[in-house]
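Novice:
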Amino acid sequence: MKWLRTLMVSAALCMSAAAAFAADVSYPSVLGGTVVSITPAGTAVKQGDVLLTVDSLAGPMPAARAASDGIVKQVLVAPGTAVKRGTAVIIVEEK
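Throughout the sequence shown, residue numbering follows mature numbering (1 follows the signal peptide of the UniProt record, and there is no 0), covering -22 to -1, 1 to 73 in sequence.
(1) For the beta strand (DSSP E) that contains Ser34, what are its first and last residues?
(2) If you follow the beta strand (DSSP E) that Gly48 is part of, which residue opens it and which one closes it?
(3) On the DSSP bridge list, what partners appear for Val8?
(4) Measure the alpha-carbon distance for Val61 versus Val55 and round it to whole angstroms.
(5) Gly58 lies in the beta strand (DSSP E); which residues open and close that run?
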């Protein structure tokens, strides 16, 4: 019975540690312009994936990229919206 209790405590500690490593990260637009496309909520992303594209003076450009793997939790802007540099546009739950 003692080993079972030890096993249960170990499992609980592992699960709480895993939850501590997942974090929500807000990504800002690095360019100003009109939102052309944005990754929808619930989409799995990998490091380097384009999260947001804006139409700038130079044409359509990536304005936010994923810094690590995760899942898009919330989208803060819609296509057609004008954004300024530094505006938070998307929240990703990183793994």
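Every residue gets a Cβ at the ideal spot worked out from N, C-alpha and C, and that includes glycine. Note that the structure is a prediction, hence the values are computed from the model and not measured.
Specialist: Walking through what the data contain:
(1) To locate residue 34, count along the sequence shown from 1; it is residue 56. Residues 28 to 34.
(2) The residue labelled residue 48 in the question sits at position 70 within the sequence shown. For Gly48, the uninterrupted beta strand (DSSP E) segment begins and ends at 48 to 53.
(3) Here residue 8 is taken as the residue at index 30 of the sequence shown, counted from 1. Beta-bridge pairing links Val8 to no other residue.
(4) Numbered from 1 along the sequence shown, position 83 holds the residue referred to as residue 61. Numbered from 1 along the sequence shown, position 77 holds the residue referred to as residue 55. Approximately 8 Å, taken between the alpha carbons.
(5) Here residue 58 refers to the residue found at position 80 when the sequence shown is read from its first residue. From DSSP, Gly58 is part of no beta strand (DSSP E); its letter is neither H nor E.
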